[in-house]
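Trainee:
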Amino acid sequence: MYTEKVMDHFQHPRNVGEIENASGVGTVGNAKCGDIMRIYLDIDDNQIIRDVKFKTFGCGAAVATSSMATEMVKGKSIQEAMEVTNKAVMEALDGLPPVKVHCSLLAEEAIHAALWDYAEKHGIKIEGLKKPKSDIHEGEEAEEEEY
């Protein structure tokens, strides 16, 4: 059911924890399944993500997607982090079962929510960034048809 990479990131998650005085913090949830994901970003003056941590309350796939997403943005610029999509997270994990695709959406939304928080704190606009949803099921009918 789960790939080896999903199991590895679930059993040995990378970047777990919090960053005190984080540059940006994003929290997103999924009311239907109860998953909650919080991502902390430490962004330097050159807009490079120096460090990233996460705390996730949820299933194994939620933990694995959080772990993989943090690995994918660490050391990247803000613009590169914006390019990390749920599909990229799923591909990096060698796939997810269809019923767990929403976990990868949570990971993408949590990164965007943390970037939004950073942009708000610094009074900047990040190209392509939209105000995050508090629950990823807002407007989901249109999103679900894509899969």
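Positions 1042 to 1188 (this note's numbering) are the ones given, in order, by the sequence shown.
No residue lacks a Cβ here, since even glycine has one placed at the ideal position from N, Cα and C.
Quick one: any contact between the segment 1106-1117 and the segment 1074-1088, if contact means 3 or more CB pairs under 8 angstroms?
Mentor: They touch, by the three-pair rule.
Trainee: Is L1137 helix, strand or coil when you go by DSSP?
Mentor: Three-state result, L1137: coil.
Trainee: Give me, in chain order, the residues of the same chain whose beta-carbon lies closer than 7 angstroms to that of A1103; leave out the 5 immediate sequence neighbours on both sides.
Mentor: Around A1103: D1076, M1078, T1097, C1144, L1147.
Trainee: When you compare only the Cα positions, how much space is there between V1057 and L1137?
Mentor: Roughly 21 angstroms separates the two Cα atoms.
Trainee: Pull the bridge partners of N1071 from the DSSP assignment, please.
Mentor: The partner list for N1071 (beta bridge, DSSP) reads D1076.
Trainee: Which runs of the beta strand (DSSP E) fall wholly inside the segment 1081-1143 and span at least 3 residues, in chain order?
Mentor: Those beta strand (DSSP E) runs which fall completely within the segment 1081-1143 and span 3+ residues are 1090-1098.
Trainee: Looking only at DSSP bridge pairs, what is G1065 linked to?
Mentor: L1082, per the DSSP bridge assignment.
Trainee: If you draw a straight line from the alpha carbon of I1167 to that of W1157, how long is it in whole angstroms?
Mentor: Distance between the alpha carbons of I1167 and W1157: 8 angstroms.
Trainee: Can you find the residues in the same chain that come closer than 6 angstroms, C-beta to C-beta, to M1113, ignoring five residues on each side of it along the sequence?
Mentor: Correct list, in chain order: V1125.
Trainee: Assuming A1151 and G1065 form a contact by the criterion Cβ under 8 angstroms, report the distance between their Cβ atoms to the nearest whole angstrom.
Mentor: Actually they are not in contact, since the Cβ atoms of A1151 and G1065 sit about 11 angstroms apart, beyond 8 angstroms.
Trainee: Comparing C-alpha positions only, which one of E1061, C1100, I1089, A1063 sits nearest to K1073?
Mentor: Among E1061, C1100, I1089, A1063, the Cα nearest to that of K1073 is on C1100.
Trainee: At what residues does the alpha helix (DSSP H) containing H1050 begin and finish?
Mentor: 1045-1052 is the span of the alpha helix (DSSP H), which, as asked, contains H1050.
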